[in-house]
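Structure, as structure tokens:
In the working numbering, the protein residues as written are 405 to 671.
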């Protein structure tokens, strides 16, 4: 069993840093960095991604809090009439994903860019960034599972339990390795994001059955399923559609090549 250790908060001047927030911030920075590097690698303009980062993070945090508040723990609405604006007080990863999607749809449409051209870059940035952010969940153990004697269980004060934040991080690190292993395969061009959606959603749907139901603060269920499981079903549909549909040529592949017999010189 893994010993239970709750990472403490620490002060940096007037600021008090929570380990969860530190890991989430690190995950966001890593995702943004890898996203732009992959776009450059594919010959795409990375500048729009830098502009999008702020909007994506803001929308992700806001929607993440709203999904947590309205779908996971609506009882918290009674705390304060301003609870819907306290975006730091409870976040849902699937809500953050929804916010990022909404922000991406609006941003890329306003900028008149094709999201599909950057989809592989998003997959290769989001997966490892999300994995690091999930380590924050493991650091504070905010996703306790059912009692178990599984060898990867955590020794919670009230018994050995699955730690869903830890499991989710393992899955996402594994998916990161897979995506980077297949990113140069011709048949996978433009399909990495649907592949990530399909594989992650399948694992998340199954893992959520391990979430605790015997504690005082547990995720809401609707017809026996968590909100994330319904979100996973939608991601499976998107993943299958993205993997099976015919891919349009990307912007980088449509760039005109140099005429035969002419040598291109670096400028």
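The beta-carbon is built from N, C-alpha and C at its ideal position, and this holds for glycine as well. Remember, it's a predicted structure, so these values are computed and weren't measured experimentally.
How is residue 441 classed by DSSP in three states: helix, strand or coil? helix
With DSSP run on the structure shown, which of helix, strand or coil describes residue 559? Here residue 559 carries a strand assignment [DSSP, helix/strand/coil].
So, are the CB atoms of residue 561 and residue 619 less than 8 Å apart?
no
(message) Can you find the residues in the same chain that come closer than 8 Å, C-beta to C-beta, to residue 534, ignoring five residues on each side of it along the sequence?
(response) 431, 435, 497, 576
Label residue 407 either buried or exposed according to how many other C-beta atoms from any shown protein chain fall within 10 Å of its C-beta, with 16 as the threshold for buried. exposed
### Message
So if DSSP puts residue 415 in a beta bridge, which residue, or which two residues, is it bridged to?
### Response
420
Would DSSP call residue 351 helix, strand or coil?
With the chain covering only 405 through 671, there is no way to say anything about residue 351.
Original post:
How about the stretch 408-417 and the stretch 486-493: do they share at least three Cβ pairs that are nearer than 8 Å?
Top reply: no
Requested in this report: Please report how far the alpha carbon of residue 643 lies from the alpha carbon of residue 649, in whole angstroms.
Outcome: Distance between residue 643 and residue 649, taken at the CA atoms: about 10 Å.
Worksheet entry | Residues near residue 509 in its chain [Cβ-Cβ closer than 8 Å; skip 5 each side] | 519
Exposure label - residue 598; buried when at least 16 CB within 10 Å: buried
DSSP state of residue 485 mapped onto helix, strand, coil
coil
Less than 8 Å between the beta carbons of residue 463 and residue 504, yes or no? yes
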